[in-house]
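Chains as they are written, first to last, in the numbering used here: chain V, 2 to 224; chain D, 2 to 224. Every residue, glycine too, gets a C-beta built ideally from N, C-alpha and C. The structure appears below as structure tokens.
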């Protein structure tokens, strides 16, 4: 969030965004779609995780992706290889997706497909461990990723993301032997900020934890 | 930057910030201080780099640190061990330092020390590869860090940071053998966005490149 020298304006901005998010969610609900909002620092592995997820679950569920990036369609192109609709949103100078941008993505899904056919919409947010956590887009659950290379202090230093997360994936566990990550301390720090979040250590290289991630998804869709 | 649904407001916000930054810089100039603004994603190694920098240069230059974090003084405490003044600024919900916050830091430096005694002020920004690049704080040079674990596509996806950087440190080169970083492609992507930026690959673990970083600092202070 930016300080705009005007607290009332900030509150209005967040309220307007929340109304848009509620509206988006009512569409998803009407169509029987579950929506996740994936968020992390740049380079924590959101797109790589989505690649593995599409590869594994594409036959089981009807999936669409809403792909947020400031510029380029690099990530969208990576995901289109898996044969699912990938709606690319370029945020320009904005450091996060907001509900209005995602409404635009939903509108494109409606124009090109029958949204009621879909089970799951995966929103990949702009890489940023701060602001995306404050701007709901209509998701049913927030998924945060933290790479083992980022350090165990991050939940304390960026608490909003960790407070808001329903599922926290600790990514790149294959790199753990080469960095000084103290897993116990990381878990303690996470639990201090959010006692209830589901924590899943994963590696897209070794496959560690991916089954647990897929089980978490299945459980959300059965709700 | 956030979209506030009001372009004029965004421009006013950046203009007000720029005036503050110019004011801060005029103070630094009057005192003979050179100021760098260090920016990166969370966990790219800003604090670890500052530790090595203070260790190596503390005898040569009189250094102060302005340490920006949303919450906690964890990083400030790490740096205070090196016996330099570390002014901690908690930004709260703000995802970046702005010139007003740094002005507050400068004011505290003035109250507790004689600023004219200092050669170098190192500002460590909030971990965020987007917004800090848009909010100048009065620095003479912008230093961006990108870890080898973040991927070679980042300059294209987060262009503002890479456009603005005067010096780009590619950090954690010790992890390069364990990730699929293509250095040539990374350099091409950086050059596409910013042909003139100084690129220094470094590792605080092996010490690779640190001498080049210290030389870059020395060169800036001789200007």
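Rounding to the nearest angstrom, what Cα-Cα distance links residue i and residue j in this structure?
i, j, result
"residue 153 of chain V", "residue 89 of chain V", "32 angstroms"
"residue 126 of chain V", "residue 146 of chain D", "21 angstroms"
"residue 84 of chain D", "residue 110 of chain D", "15 angstroms"
"residue 167 of chain D", "residue 82 of chain D", "28 angstroms"
"residue 174 of chain D", "residue 10 of chain V", "43 angstroms"
"residue 26 of chain V", "residue 141 of chain V", "8 angstroms"
"residue 123 of chain V", "residue 117 of chain D", "54 angstroms"
"residue 31 of chain V", "residue 156 of chain V", "35 angstroms"
"residue 206 of chain V", "residue 222 of chain D", "44 angstroms"
"residue 199 of chain V", "residue 183 of chain D", "34 angstroms"
"residue 47 of chain D", "residue 129 of chain D", "11 angstroms"
"residue 86 of chain D", "residue 64 of chain D", "8 angstroms"
"residue 220 of chain V", "residue 214 of chain V", "10 angstroms"
"residue 212 of chain V", "residue 204 of chain V", "11 angstroms"
"residue 71 of chain D", "residue 115 of chain V", "43 angstroms"
"residue 197 of chain D", "residue 162 of chain D", "14 angstroms"
"residue 93 of chain D", "residue 28 of chain D", "26 angstroms"
"residue 134 of chain D", "residue 164 of chain D", "9 angstroms"
"residue 55 of chain V", "residue 77 of chain V", "13 angstroms"
"residue 121 of chain V", "residue 148 of chain V", "25 angstroms"
"residue 95 of chain D", "residue 132 of chain D", "10 angstroms"
"residue 73 of chain V", "residue 36 of chain D", "33 angstroms"
"residue 60 of chain V", "residue 52 of chain V", "14 angstroms"
"residue 40 of chain D", "residue 40 of chain V", "20 angstroms"
"residue 113 of chain V", "residue 172 of chain V", "34 angstroms"
"residue 188 of chain V", "residue 91 of chain D", "24 angstroms"
"residue 75 of chain D", "residue 209 of chain V", "31 angstroms"
"residue 42 of chain V", "residue 15 of chain V", "22 angstroms"
"residue 8 of chain D", "residue 181 of chain V", "44 angstroms"
Assuming residue i contacts residue j under a Cβ cut-off of 8 angstroms, what Cβ separation, rounded to an integer in Å, is found between them?
i, j, result
"residue 58 of chain V", "residue 218 of chain V", "7 angstroms"
"residue 69 of chain D", "residue 100 of chain D", "Actually they do not touch by this definition, with Cβ atoms about 12 angstroms apart."
"residue 158 of chain V", "residue 38 of chain V", "Not a contact, Cβ separation roughly 21 angstroms."
"residue 80 of chain D", "residue 103 of chain D", "Going by Cβ atoms, the distance from residue 80 of chain D to residue 103 of chain D rounds to 16 angstroms, so no, they are not a contact pair."
"residue 150 of chain V", "residue 105 of chain D", "With a Cβ gap of about 32 angstroms, residue 150 of chain V and residue 105 of chain D do not count as contacting."
"residue 170 of chain D", "residue 201 of chain D", "5 angstroms"
"residue 179 of chain V", "residue 179 of chain D", "6 angstroms"
"residue 97 of chain V", "residue 136 of chain V", "5 angstroms"
"residue 194 of chain V", "residue 160 of chain V", "5 angstroms"
"residue 12 of chain D", "residue 119 of chain D", "About 34 angstroms; that fails the 8 angstroms criterion."
According to DSSP, residue i sits in a beta bridge with which residue or residues?
i, result
"residue 36 of chain V", "V:122"
"residue 69 of chain V", "V:90"
"residue 168 of chain D", "D:144, D:199"
"residue 161 of chain D", "DSSP, once it has assigned bridges, lists no residue as partnering residue 161 of chain D."
"residue 64 of chain V", "V:121"
"residue 41 of chain V", "V:146"
Can you check whether the C-beta of residue i is within less than 8 angstroms of a C-beta belonging to chain B?
i, result
"residue 152 of chain D", "You won't find chain B in this structure, because its protein chains are V and D."
- Item | the stretch 14–24 of chain V contacting the stretch 12–19 of chain D, beta-carbon criterion three pairs below 8 angstroms | no
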